[in-house]
Ligand SMILES: Cc1ncc(C[n+]2csc(CCOP(=O)(O)OP(=O)(O)O)c2C)c(N)n1
Ligand SMILES: [Mg+2]
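Residue numbers (the working numbering), protein chains in the order written: chain H, 1 to 348; chain X, 1 to 332.
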C-alpha cells in the first residue's frame, strides 16, 4: 500500500468502523510496534557497526551480515513468547537481537572478549543466549534444524508449552538434515516452526540452480505440513504468518514451514566478490524493497511515529551501538590459562 | 637446469594440477560448493570455470553427504572426480559415504571395483573461524583402511600429490592447511607426481629428529633455524602422507639422531604423534633412543575464537623451540 492508499483506508475505517489496517497494527499496541521498529534499526546498526569494526581490523574471523533481512527476524520474534526458543544460523545477529540479546555482549563476543555471550570462545557464528531462549547460531549449514526438532520434543515431553522456531536459509534446505528433521517433526507432530529465510542465494548459488522445487514452501507437502511463501520484507506479513504457525504448534497441531522471501544486501561474507549477481539486482532490492523504509512508511501512515519520532529512535539506536562497541573494546580478553575451560562440565 | 623454477602459491599450484588433469583427461571433473564463478571459498578453483565450463567444474547445492556420494558413485563408474569440501569440518556430514562406502567398496566387492575419487579438505586453525571451521581431522581418516591420506606442505608437493592422487586407483583424501594457500614456493612446470607414502627430509640434522605435519613443518623449520644458532642441529621430516605412514624414513632418522619429537596441529590425544611414537617403540630404533619421545599437538579443546586462545590451542614456534632444546640438551 502506498501512503495515499493508507490514508484512504483510515478514512474508510472511520466511516464504516472496520479496521482494515495490516495485521501488525490491528494486533499490537503502539508501544510494541515501536519496539519492533527499534529492533529492526538496532539490527541494521549492529551489522553496520560490525562491518566497520571488521574493516578497521578490530576483529579477526569472519561475519555474515543480515542487512536487508531485518523484517524476518523481528516479525518472527513478535509472534514468540519470552520462553519460546529459537535455533539460528551463521547469519544470526538479527535473530539474537530479535530474541532480546544485548548488543554490547554481542559486540563483545564478536571482539572475542570474556564479557561476550560465549566468553569470546565462539565468535559471530556461535552467539547464543539460552536464558532468552536463543539456543544459538550455527557454523554448520542445516546444523540447527535437527536441534530445533529436539528442543520441540523436549517441550512436548516436558509439557512446558514452549514453541521452537528454527531459522535456516534457502541453501540449508538441500541438506539431508533438513529432510530428516522435517519428517520426524511431522510424524511426531512437534511444536516447531521452520522458518526459511530465502534470500535467493546460498553463497554464490541461486535457489534456481540449487533447489529442484520452484518454492521451498512446497517441500512442506512431502512432510504433510502446511507450507507458505511470504514477503519476508513485510514486517506485518511475517508476524501474521508466524503467529498462525506458532498457534498451530502451541495447540498441538504440529509443525509448519514458512518461506520468507528476502535479500541480503551485503556479500555472503568477507570473501565475497559478488560475481554471481548483478549490481542492478542488488540496487533494486536496496532502493525498492528496503524492509526498514517499508515499515517506516507504515509507522507514519498509521500514526505510530512521525518524522521526529523516527529520528528519536534512530538517535537512541546509534547511542546504544556506540556504547556497545565501547563496552566491547574495553572488555578483557579471556585468560590463556583458561584455554581448556568449558571443554567438560566443571565439577562433574 | 638452465631456467630458474618459477614460484606459485600453494593454491595456484593446486589449481594448476587440476587444470593439467582436466586438460589431459576427459574423465576428470571437479565438484563442490561455490567452486564455479565464486572460485571456491579459498579461491583454489579460481578461474577454472572459465576454462572448462560448468559441465566439468560443477557447483553442487549445499549437500555434502549427497555430493560426496555422487563423487564416489561417479568414480566407481568411470569418472575421476575431485570433490572439494568447503571446509574440512563439513566432512563430518559426509562420513557415511567416505568411511562406509568409498573406503570399503573395493574390499566388500572382492576387488571387482576401485574407487578413484580424490577429496580435498581445507583444514586447520589460525583464521579466526572458530570451532566448527578450524579442525584438523586427518587422523580420523587415517584410521580407516581403504583410504589414503596426504597432507602436502609446499606448493610443489600440493601439485605433485594431487596429480599422484588422480593416478591412484583408490580414494585419496588431501588435507590442505588454510594458512598455506597463500604461501609461495618453486613449482616445476608441466605434469609430475609426488609419491604418496613417502616422507621428505626438509632439513638435515644430527641432534634430534622432529616429524611434523601440515603447517607445523614450517614452524619446525623456523624452530630448527633458531636452535642452529645455539649449536643444536635439528632434522626436520615432513611426513606428507598420514596413511600409509613412511615408517622406514622415521626409523632411519631416529637411529642417527637418537631423539624424536613429533609436532602436529591436530589434538594430541590418540593422534598421529601417538601412532609414530608407537611405531618407533616397536622398531629397531627403540634401542637407539637417548630420551623419551616428545609429542606436541593441539590442546584438548575445540578451537577457540579469541585470537590469543586460538594461538594457545596449537603448537607455536617458541613452544617447539623450547621442547626441542630440552630434548636435545637432555633436560627431558
Ligand atoms: C555443512 C556446511 N556446508 C557449507 C558451509 C559453508 N557455508 C556457510 S553459509 C553457506 C551458504 C548458506 O546459504 P543459506 O542457507 O541460503 O543461508 P544464507 O547465507 O543465504 O543466509 C555456506 C555454503 C557450512 N558452513 N556448513
Ligand atoms: Mg540464502
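All residues carry an ideal CB built from backbone N, CA and C; glycine is no exception.
Please work out which residues of its chain come closer than 7 Å, Cβ to Cβ, to residue i, disregarding the five sequence neighbours upstream and downstream, and give them in chain order.
i, result
"residue 36 (chain X)", "49, 54, 57 and 59"
"residue 197 (chain H)", "69, 72, 167, 169, 232, 260 and 262"
"residue 307 (chain X)", "128"
"residue 114 (chain H)", "120, 331, 332, 333 and 334"
"residue 323 (chain X)", "261, 294 and 296"
"residue 42 (chain X)", "11, 122, 178 and 181"
"residue 268 (chain X)", "295, 297 and 298"
"residue 135 (chain H)", "85, 86, 87, 128, 147 and 151"
Please look up how many angstroms separate the CB atoms of residue i and residue j, rounded, as I've assumed it's under 8 Å.
i, j, result
"residue 202 (chain X)", "residue 238 (chain X)", "5 Å"
"residue 28 (chain X)", "residue 166 (chain X)", "7 Å"
"residue 65 (chain X)", "residue 336 (chain H)", "Not confirmed; about 37 Å, so no contact."
"residue 70 (chain X)", "residue 33 (chain X)", "Contact doesn't hold; Cβ gap of about 13 Å is too wide."
"residue 263 (chain X)", "residue 220 (chain X)", "6 Å"
"residue 259 (chain X)", "residue 209 (chain X)", "7 Å"
"residue 217 (chain X)", "residue 127 (chain X)", "Rounded, the Cβ-Cβ distance is 18 Å, inconsistent with contact."
"residue 196 (chain X)", "residue 121 (chain X)", "Actually they do not touch by this definition, with Cβ atoms about 16 Å apart."
"residue 97 (chain X)", "residue 68 (chain X)", "4 Å"
"residue 104 (chain H)", "residue 328 (chain H)", "7 Å"
"residue 23 (chain H)", "residue 239 (chain H)", "6 Å"
"residue 171 (chain H)", "residue 205 (chain H)", "7 Å"
"residue 223 (chain X)", "residue 314 (chain X)", "Not quite, the Cβ-Cβ distance comes to about 14 Å (not below 8 Å), so this is no contact."
"residue 125 (chain X)", "residue 303 (chain X)", "5 Å"
"residue 173 (chain H)", "residue 211 (chain H)", "6 Å"
By the criterion of Cβ-Cβ separation under 7 Å, what are the contact partners of residue i in chain X?
i, result
"residue 359 (chain H)", "Residue 359 (chain H) is absent from the model: chain H starts at 1 and stops at 348."
"residue 175 (chain H)", "62 and 63"
"residue 217 (chain H)", "Ordered by position in chain X, no residue passes the 7 Å Cβ test against residue 217 (chain H), which lies about 17 Å from the chain."
"residue 65 (chain H)", "Near residue 65 (chain H) there are no residues of chain X at all, since even the closest Cβ is about 16 Å away, more than 7 Å."
"residue 18 (chain H)", "By Cβ distance, chain X contributes nothing, its closest Cβ being about 46 Å from residue 18 (chain H), past 7 Å."
"residue 172 (chain H)", "62"
"residue 150 (chain H)", "Simply none; closest approach about 17 Å."
At a cut-off of 7 Å, is residue i close to ligand 4 when judged by its beta-carbon and the heavy atoms of the ligand?
i, result
"residue 274 (chain H)", "Looking at this structure, you won't find ligand 4 anywhere; what it does contain is ligand 1 and ligand 2."
For residue i, which residues of its own chain have a beta-carbon under 6 Å away from its beta-carbon, when the five flanking residues on both sides are left out?
i, result
"residue 109 (chain H)", "116, 117, 118 and 127"
"residue 53 (chain H)", "59"
"residue 155 (chain H)", "162 and 191"
"residue 164 (chain H)", "85, 148, 151, 152 and 192"
"residue 10 (chain X)", "155, 158, 180, 181 and 183"
"residue 130 (chain X)", "305"
"residue 254 (chain H)", "189"
"residue 101 (chain X)", "72"
"residue 256 (chain X)", "none"
Find the residues of chain X that neighbour residue i, judging by a C-beta separation of less than 8 Å, and give them in chain order.
i, result
"residue 343 (chain H)", "300, 301 and 302"
"residue 339 (chain H)", "299, 301, 304, 309, 312 and 313"
"residue 60 (chain H)", "127, 128 and 307"
"residue 120 (chain H)", "304, 305, 306 and 309"
Against residue i, what residues of chain H qualify as contacts under a CB-to-CB distance less than 9 Å, listed in chain order?
i, result
"residue 297 (chain X)", "Correct list: empty, because the minimum Cβ distance to chain H is about 13 Å."
"residue 59 (chain X)", "204, 205, 209 and 210"
"residue 271 (chain X)", "Near residue 271 (chain X) there are no residues of chain H at all, since even the closest Cβ is about 16 Å away, more than 9 Å."
Could you list which residues in chain H have their beta carbon closer than 7 Å to that of residue i, in chain order?
i, result
"residue 133 (chain X)", "139"
Can you pull the chain X residues whose beta carbon is under 9 Å from the beta carbon of residue i, in chain order?
i, result
"residue 271 (chain H)", "38, 41, 42 and 43"
"residue 276 (chain H)", "34, 36, 37 and 38"
"residue 126 (chain H)", "130, 131, 132 and 305"
"residue 431 (chain H)", "The structure shown has nothing for residue 431 (chain H), since chain H only spans 1 to 348."
Between residue i and the rest of its own chain, which residues show a CB-CB distance below 8 Å, the 5 nearest in sequence each way excluded?
i, result
"residue 98 (chain H)", "39, 43, 73, 74, 76 and 77"
"residue 316 (chain X)", "219"
Mind pulling the chain H residues with CB within less than 8 Å of residue i?
i, result
"residue 34 (chain X)", "203, 204 and 205"
"residue 46 (chain X)", "Those do not exist, as residue 46 (chain X) stays about 11 Å from chain H at its closest Cβ, beyond 8 Å."
Pick out the complete beta strand (DSSP E) segments inside the segment 106 to 174 of chain X, 3 residues or longer, and give them in chain order. 118 to 123 and 148 to 150
Across the segment 49 to 60 of chain H and the segment 316 to 334 of chain H, are there enough close Cβ pairs to call them in contact, namely three or more that are closer than 8 Å? Counting C-beta pairs with one atom in each stretch, the segment 49 to 60 of chain H and the segment 316 to 334 of chain H have three or more that are closer than 8 Å, which means they touch.
Is there contact here, the segment 78 to 97 of chain X with the segment 222 to 230 of chain H, by at least three beta-carbon pairs under 8 Å? no
Can we say the segment 134 to 151 of chain X touches the segment 85 to 94 of chain X, given the rule of at least three CB pairs closer than 8 Å? yes
4 or more residues per run - each alpha helix (DSSP H) lying fully within the segment 209 to 283 of chain H: 235 to 250
Spell out a yes or no on whether the segment 36 to 47 of chain H and the segment 285 to 292 of chain H are touching, meaning 3 or more CB-CB pairs, one atom from each, closer than 8 Å. yes
Could you tell me whether the segment 5 to 25 of chain X touches the segment 336 to 344 of chain H, using the rule of 3 or more Cβ pairs below 8 Å? no
Count Cβ pairs between the segment 75 to 92 of chain H and the segment 262 to 276 of chain X that sit closer than 8 Å; are there 3 or more? no
Cβ contact check for the segment 163 to 177 of chain X and the segment 106 to 124 of chain X: 3 or more pairs under 8 Å: yes
Ranges of the beta strand (DSSP E) found wholly within the segment 28 to 116 of chain H, counting only runs of at least 3: 85 to 87
Length at least 4, wholly inside the segment 297 to 326 of chain X: the alpha helix (DSSP H) runs in chain order: 307 to 312
Length at least 3, wholly inside the segment 181 to 227 of chain X: the beta strand (DSSP E) runs in chain order: 184 to 186, 200 to 203 and 208 to 212
Which whole runs of the alpha helix (DSSP H) in the segment 6 to 48 of chain X are 4 residues long or more, in chain order? Correct list: 10 to 24.
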